[in-house]
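> Just so you know, the protein sequences line up as chains A and B, in that order.
Sequential numbering from 75 applies to the first sequence in this note's numbering.
Sequential numbering from 9 applies to the second sequence in this note's numbering.
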Amino acid sequence: MNVDLFLHLWIMILIYIIFAMSLNLEVGYTGLFNFGHVAFFGVGAYTSALLTLHQVPFELALVAALIVAGFSGFLLSIPSLKLRGDYFGIATLGFGEIIRMVFQNEVWLTKGPMGLPGIPKPVLFSYRFATLPQYLLLTIGFTILTFLVLRFVTRSPMGRVFKAIREDEVSTAALGKNIFHFKIKSFVIGSVFAGLAGTLWGHYTTFISPGDFTLLETILVLLIVVLGGKGTEWGPIWGAIVLIFFQESLRFLKLPAEWTRYLAPLQQMIFGSLLIFLMIYRPEGLIRGKGGR
Amino acid sequence: MSFLLQSIFNGLLAGCIYALFAMGLTLIYGVLNFVNFAHGELIMWGAYFLYLFMGTPFGFPLPIALIPALFFTILLGIGMDRFAFKPIRQANRLTLLIAALGLSFLLRNGAQLFWGAELRTYGFEIKRGWRILNMSITINQMAIIITTLICIVIVYLLFHRSKLGKSMRAVSDNLELARVSGINTKKAIQFAWILSSALACVGGILLALDTNLQPGMGLINLVKAFAATLLGGVGNLWGALLGGIIIGLAENLGVLVISTGYKDAIAFGIMVILLLLRPPVLYGTQE
């Protein structure tokens, strides 16, 4: 196997691990059915891409991307967290589509469907992460950081409240916890890390357009969480390794060009069916959570 | 002034279609107590089935092609329930929703596999409309209004005048109680799927007549149908009808003020405002 391909594969896997871990906090630990998680991935990617394209240093752009992603998560969570279960799910699904419309329509800012080319490679403390091994190092660093922060969060008293909300909202409220506030916290933290994943992805591919932030991404990341085992620390990691390996390796098979028209929908049909089969036969995923459902 | 009238007319027209979607969505919610995320794909496949039977191997005219299109959409709806939702009816909600989302994605890409992602139309030539009150009204548009009215009358009769409709209302009121009263709940659930799929199929065809066909048309219309459902009160069939019309009007009047690129976002905007204004109504929907 080609070394570059191998490095590329791992960079993608790590970015999706961060993305999936952030969703896992919401879906797996807090029981929030967020079906529009790609929105915050996109917000992070666009924010830092736009800023760095306007010569803002990467450190600042990254911080700004996390803040904007977290803040948009906060804004969305206020109306939608008043909804329960399926309603919350559909509201977030809609939100994911709306954000994409914003990317598409605000041409003055995002260049619309043309997308943003030439996103610079990140420079952290005057060290430039330009080559594949360097970028891999950067993503490894951020993945470990995300893993540790989210582990700290889920093991903290706040994390225990999240899990309590997942198991039984009414009893948690009866214990004097403000469910609404805790849900917002979970949602905002999740959005911030989705923004981080988006930032890393944007600076890696160096070109983003509204078409990159569709339902496919949401489905993919949800599938990673569900396949690995929602509400577990290692689930998103195993899920991402399996799924991204599958997805990216298809891309590098030397297939005839006329097949590609059929390949993309076929692959996505497999993702959809996998979600259904997992839900019917093994809803807990590869790894079973402790004490959870 | 005539511009405004035309917008109102177009809004009512779109509203009729959304109402059909919303009624189907709320029907399933009523009996099974979950939002069918794949309802948008029933709409989309309904429209594509008609396209299929009007297309080359068959070449049926529209009224005849409608029969197999309806049949296959209903089959798809029942199949959905039988193979995806029924095995997990007792599971927790997250499981059910993720399965529905996966199903929606599967069906959407299935359509893309067969027909590609490009926009398609039924290929009717565009006819000049009649002019009434300075508004242009085409035959297609008349057909949309008449078909919607017929659907509503049929649904009303089924729901309030037939035994099956009565049992369905009982099931949506309280499944357990209906079961102990000797109502065949399985049959009622199946009937709800038939009705919901048929409404989705007709609505999808009307939408495709008015605009075009595209594999992605399901998702955005699911969101609109959902907004209409919320507006009308969840599980309330006639509220869904009203909600759909309001969404349609708001969309077509809204684009007079904001960019047309955001037309599809208006339903979502209404939903958000609604949630902020009267949240108590929406609490406690989960039993």
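Glycine included, C-beta positions come from ideal geometry on N, C-alpha and C.
Quick check on the burial criterion: 16 or more other C-beta atoms within 10 angstroms. Buried or exposed for A/Ile342?
A small fix is needed here, since residue 342 of chain A is Gln in this sequence, not Ile. Per the 10 Å Cβ criterion, buried.
> Is there at least one Cβ from chain B nearer than 8 Å to A/Glu332's Cβ?
no
> Output yes or no for whether 8 Å exceeds the beta carbon distance between B/Gly226 and B/Ser112.
yes
> CA-CA distance, B/Glu184 and B/Leu20?
39 Å
> Contact between the region 328-337 of chain A and the region 91-105 of chain B: three or more CB pairs below 8 Å?
no
> What ranges does the alpha helix (DSSP H) occupy inside the region 141-181 of chain A, keeping only unbroken runs of at least 4 residues that lie completely in it?
The region 141-181 of chain A contains these whole alpha helix (DSSP H) runs: 159-179.
> Please decide whether A/Gly366 counts as near chain B, where near means a Cβ-Cβ distance under 8 Å.
Caution is warranted here: a pLDDT of 46 is assigned to A/Gly366, below 50, making its placement in the model unreliable, and no coordinate value can be reported.
> Taking C-beta pairs closer than 9 Å, name the residues in chain D that B/Arg97 reaches, listed in chain order.
Looking for chain D here will not work: the only protein chains present are A and B.
> Could you tell me whether any Cβ in chain B is nearer than 8 Å to the Cβ of A/Ala113?
Cβ-Cβ to chain B under 8 Å: no for A/Ala113.
> Based on the DSSP output, what are the partners of A/Tyr201 in its beta bridges?
A/Tyr201 pairs with A/Leu198.
> Given a limit of 8 Å on CB to CB distance, which residues of the region 168-202 of chain A reach chain B?
Gly168, Phe169, Glu171, Ile172, Met175, Gln178 and Asn179
> Going by DSSP, what residues sit across from B/Arg128 in a beta bridge?
B/Leu221
> Do you know how far the Cα of A/Phe319 is from the Cα of B/Arg139?
60 Å
> Might you give, ordered along the chain, the residues of its own chain that have their beta carbon closer than 6 Å to the beta carbon of A/Met175, omitting 5 neighbours on each side?
The beta carbon of A/Met175 lies closer than 6 Å to none in the same chain, with the five residues before and after it left out.
> Round the Cβ separation of A/Trp275 and A/Ala119 to the nearest angstrom and send it over; I've been treating them as touching at under 8 Å.
6 Å
> Grouping DSSP H, G and I as helix and E and B as strand, with all else coil, what is B/Arg139?
Three-state DSSP puts B/Arg139 in a strand.
> Determine, using beta carbons only, whether A/Gly346 and B/Gly256 come nearer to each other than 8 Å.
no
> Just list the residues that DSSP pairs A/Ile282 with in beta bridges.
A/Leu190
> Which residues in chain B have a C-beta closer than 8 Å to the C-beta of A/Arg347? List them in chain order.
Residue identity check: residue 347 of chain A is Ser in the sequence provided, not Arg. Listed along chain B, the residues sitting closer than 8 Å to A/Ser347 by beta-carbon distance are Gly110 and Leu114.
> Rounded C-beta distance between B/Leu84 and B/Leu114? I'm assuming under 8 Å.
B/Leu84 to B/Leu114, Cβ: 12 Å. No contact.
> If we ignore side chains and look at the alpha-carbon of each, how far apart do B/Leu245 and B/Leu35 end up?
7 Å
> Counting beta carbon pairs with one atom in the region 80-99 of chain A and one in the region 131-150 of chain A, are three or more of them shorter than 8 Å?
no
> Got a sec: which bits of the region 18-51 of chain B sit with their beta carbon under 8 Å from any beta carbon on chain A, in order along the chain?
Phe42, Val43 and Phe45
> Does the separation of the CB atoms of B/Ala77 and B/Phe45 fall below 8 Å?
no
> Taking the straight line between their C-alpha atoms, what separation do you get for B/Gly124 and A/Lys195?
35 Å
> Under 9 Å Cβ-Cβ, which residues of chain A neighbour B/Tyr59?
Here the premise fails: no neighbours, minimum Cβ distance about 17 Å.
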